[in-house]
Amino acid sequence: MFLPVTPEEVRARGWKQLEVILITGDSYIDSPYVGVSVIGQHLLAAGYRVGIIPQPDIASGADITRLGEPELFWGVTGGCIDSLIANHTASGKKRQGDDFTAGGINNRRPDRAVIAYANLIRRHFRNTKPIVLGGIEASLRRIAHYDFWSNRVRRSILMDAKADLIVYGMGETTVLELAHRLREGRKFWDVRGICYASAEMKPGFLELPSWEEAAADPAALEKMFLLFYGNQDSRTASGLCQKQDTRWLIHNPPALPLTEAEMDDVYDMDFERAVHPRHHREGEVRALETIRFSIPTHRGCYGECHFCAIAVHEGRTVSSRSEASILREAAVIASLPGFKGYILDVGGPTANMYGFECKKKLAHGACPNRRCLYPAVCEHLHPDHGPQISLLGKLREVPGVKQAFVASGIRYDLLLADRKHGIP
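Heads up: the sequence shown begins at 423 in the numbering used here, then just goes up one per residue.
Next comes the structure, spelled out in structure tokens:
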């Protein structure tokens, strides 16, 4: 079932006021691949009244005021892609097309969308409920960071957006705990997976070089990043704090990875796997073509490629769904209108990390002084493609499924290291 996007849809559910209103820079696709949909459905399943405002017009208050003011908090995301990447090529030219906007024309998402939407809320609801930033744009800009587009080191997006909190990483457990505490009137400053601003340092937290130091000295920027990156494992991380102007950014340790049962609960939710009907008159959303008949099997990646930010968003620990949950989703997909028998992708950040993890990492956290795969596959990691091979075979036996493809990347070093099921 879609989350409500209009007052009429709110009233149709018998609700008078929403507890949480989510804002996104994309058209509303209700899919397990879309973060704002996952968070919204997760809160809905827990009994919260949730609505969503996709791509509000920042030039007026018509869209942002449409659903009123939430009882608990606003949730703001720029969408599935950082808004500056979605809106511009690497050379800075404006992108004409947009796969995440109905009609495919790139004219609905502002640059630095998270900041723009937070300011829009403040403009029309001055002393409002907490504004909580989330998604990839906020998560990867949560501390001082080098900004390619302006060629300078910027402050945390929390400070620039004048928001109250950031929920970073994969936020299901963090958002749910935050909602519980706000509903009960309890303090939430110790919740894992959040960042917030404070007038003072937090005792026991590591101090990063300040924003001013990082902006002025490349060596300080490097030191800042190494301290930050070394404290992103949920089992070993210390909390962090960083001086930014006259305030402190407080970065709580990351949320714990989801268990298999928790992963199943998230992905077994009743997603429509479709674009909300309000967008139909505007045209198709091309992104749906890729994800409608695809299945996410796991999250997290320990590849640590230098060009990739997954480790600081999803984490270095892989959390996998059960085979039964994935097969249930395949059966749902097979019943969808337009399905022709082909599951386009069965995978995750790295498809062949499904179903196994380093037992040492699971017990004690990721090693602080070595990597799982570089310069060679670690002797404590025992790659086993057996679960993935079994899963792919069973997917082809689901009634209505002809073939299942892997389109999300295969690591050949893992195949070579798996003596039983890999490349001999």
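All C-beta atoms in this analysis are idealised placements derived from N, C-alpha and C, irrespective of residue type, glycine included.
Keep in mind the model is a prediction, meaning the values are calculated, not measured.
Three-state secondary structure assigned by DSSP to residue i
i: T596; result: helix
i: Y450; result: coil
i: H698; result: coil
i: F495; result: strand
i: S656; result: coil
i: P718; result: strand
i: P476; result: strand
i: E682; result: helix
i: Y764; result: strand
i: K665; result: strand
i: H546; result: helix
i: K645; result: helix
i: G519; result: strand
i: D847; result: Because the chain spans 423 through 846 in this model, residue 847 falls outside it and cannot be assessed.
i: Y539; result: helix
i: E726; result: coil
i: W670; result: strand
i: I486; result: coil
i: I527; result: strand
i: I906; result: In the structure as shown, the chain starts at 423 and stops at 846, and residue 906 therefore has no counterpart that could be examined.
i: E704; result: helix
i: I445; result: strand
i: G737; result: coil
i: S747; result: helix
i: H567; result: strand
i: S632; result: coil
i: L555; result: strand
Buried or exposed (CB count within 10 angstroms, at least 16 for buried), residue i
i: P790; result: exposed
i: Q825; result: exposed
i: E594; result: buried
i: I845; result: exposed
i: F495; result: buried
i: S847; result: Here the chain covers residues 423 to 846 and nothing more, so residue 847 does not appear.
i: Y618; result: buried
i: L838; result: exposed
i: W633; result: buried
i: N674; result: buried
i: P699; result: exposed
i: H701; result: buried
i: I717; result: buried
i: F729; result: exposed
i: N653; result: buried
i: G725; result: buried
i: A709; result: buried
i: N573; result: exposed
Contact set for residue i: own chain, Cβ-Cβ below 7 Å, skip 5 residues either direction
i: R858; result: Given a span of 423 to 846 for the chain in the structure shown, any question on residue 858 remains unanswerable.
i: W571; result: L506
i: I851; result: Outside the modelled stretch of the chain, which goes from 423 to 846, sits residue 851, for which no answer is possible.
i: R544; result: K584
i: D840; result: P805, D806 and H807
Cβ shell of residue i (< 6 Å), same chain only, five flanking positions each side left out
i: W437; result: R471
i: A788; result: D655 and R738
i: D452; result: F424, S459, F693 and E694
i: T499; result: T446, V458, G556 and G557
i: A560; result: V536, I579 and I588
i: A538; result: I480 and P532
i: Y455; result: I713
i: F778; result: D806
i: C780; result: H802 and L803
i: D586; result: P552 and I553
Residue i Cβ short of 6 Å to the ligand FAD heavy atom set
i: F761; result: Of the ligands one can find in the structure shown there are none, so the ligand FAD has no counterpart to examine.
Residue-chain proximity (residue i, chain C), Cβ-Cβ < 7 Å
i: P676; result: Going by chain labels, chain C is absent from the structure shown, which holds only one protein chain.
8 Å CB neighbourhood of residue i in its chain, flanking five on each side removed
i: F715; result: I755, L758, F761, Y764, I765 and L766
i: G514; result: W571
i: M581; result: A619, Q666, D667, R669 and L671
i: V613; result: T596, E599, L600, R603 and N674
Between the region 425–432 and the region 551–570, are three or more C-beta pairs nearer than 8 Å?
Not touching, per the Cβ criterion.
Quick check on the DSSP output: what are the complete alpha helix (DSSP H) runs of length 4 or more inside the region 779–828, in order along the chain?
Counting only runs of 4 or more, we get 781–786 and 808–817.
Taking 8 Å as the cut-off, does the region 589–604 touch the region 549–564 (at least 3 CB pairs, one atom from each stretch)?
The region 549–564 and the region 589–604 touch, with no fewer than 3 CB-CB distances between them shorter than 8 Å.
Given 8 Å, three or more beta-carbon pairs between the region 686–699 and the region 637–650:
The region 686–699 is not in contact with the region 637–650.
Quick check: the region 623–631 against the region 753–766, are there 3 or more CB pairs under 8 Å?
As far as the Cβ criterion goes, the region 623–631 does not touch the region 753–766, which means the pair count is below three.
Three or more C-beta pairs closer than 8 Å, one from the region 826–836 and one from the region 769–776: is that the case here?
As far as the Cβ criterion goes, the region 826–836 touches the region 769–776, which means the pair count is three or higher.
At which residue ranges does the region 571–618 contain complete beta strand (DSSP E) runs of 3 or more residues, listed in the order of the chain?
Inside the region 571–618, DSSP marks whole beta strand (DSSP E) runs of 3 or more residues at positions 574–576 and 587–589, from first to last along the chain.
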